[in-house]
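Working notes for the structure below.
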Amino acid sequence: MSPSKDPSENPSERIDRMIAELTDWRGKAFAVMRKAILAADSEIIEEWKWMGSPVWSRDGMIAVANAHKGKVKLTFAHGAKFADPDKLFNAGLGGNMRREIDFFEGDKVDERALKSLVRAAIEYNQTHLKKNAAAAKRVKAVKKTTKSATKRKKA
Numbered sequence: 485m486s487p488s489k490d491p492s493e494n495p496s497e498r499i500d501r502m503i504a505e506l507t508d509w510r511g512k513a514f515a516v517m518r519k520a521i522l523a524a525d526s527e528i529i530e531e532w533k534w535m536g537s538p539v540w541s542r543d544g545m546i547a548v549a550n551a552h553k554g555k556v557k558l559t560f561a562h563g564a565k566f567a568d569p570d571k572l573f574n575a576g577l578g579g580n581m582r583r584e585i586d587f588f589e590g591d592k593v594d595e596r597a598l599k600s601l602v603r604a605a606i607e608y609n610q611t612h613l614k615k616n617a618a619a620a621k622r623v624k625a626v627k628k629t630t631k632s633a634t635k636r637k638k639a
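Sequential numbering from 485 applies to the sequence shown in my numbering.
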């Protein structure tokens, strides 16, 4: 489902409207899933991409969601690269990058486990994506240089 474009709406408002337009079980599942994702970290950004898909990101894409006829699909961009101790991933298991969670009518969203998975995705983004890993190395190098300079001054 893709709400019509309204240039005055921000991505969060578009997602709100999309959920409201899903008047069956998918809207409720989508709302619970979204709430858990946003509760995992206060710096998560909601975006609207690819002709009508909600996307959540922090230091890189975390996940994209879509409501299909018989399911709600949550795809983690780098899901194959981090652990899923609660075994939430149930689709897209054969690839070497993405992993998916398909929610079907009657499924309960395990909010605690989903938050944990979102945090793992953020940690992966911060430590493994080139743009973030390079920045982290620069920060460590600056701290190391500062400590060395401080020791020399004391000596």
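The beta carbon of each residue, even a glycine, is placed where N, CA and C say it ideally should be.
State the DSSP-derived secondary structure class of residue i, mapped to helix, strand or coil.
i	result
Asp591	coil
Arg501	helix
Ala567	coil
Glu584	strand
Asn494	coil
Look at residue i and residue j and say whether their C-beta atoms are less than 9 Å apart.
i	j	result
Pro569	Pro538	no
Ala640	Met581	This structure does not reach residue 640, given that the chain is present from 485 up to 639, and the question cannot be answered.
Glu595	Phe560	no
Ile503	Gly511	yes
Leu522	Glu531	no
His562	Ala605	yes
Arg603	Asp525	yes
Glu589	Gly554	yes
Ala520	Leu598	yes
Asn609	Met517	no
Ala515	Asp591	no
Leu613	Leu572	no
Would you mind sorting residue i into buried or exposed? The rule is 16 or more other CB atoms within 10 Å of its CB.
i	result
Glu527	exposed
Gly578	exposed
Met587	The residue asked about is misnamed: residue 587 is Phe in this sequence, not Met. Answer is buried; the Cβ neighbour count reaches 16.
Trp540	buried
Met535	exposed
Asp508	exposed
Ser492	exposed
- What are the start and end residues of each continuous alpha helix (DSSP H) run of 4 or more residues lying completely inside the segment 507-562, in chain order? 509-524
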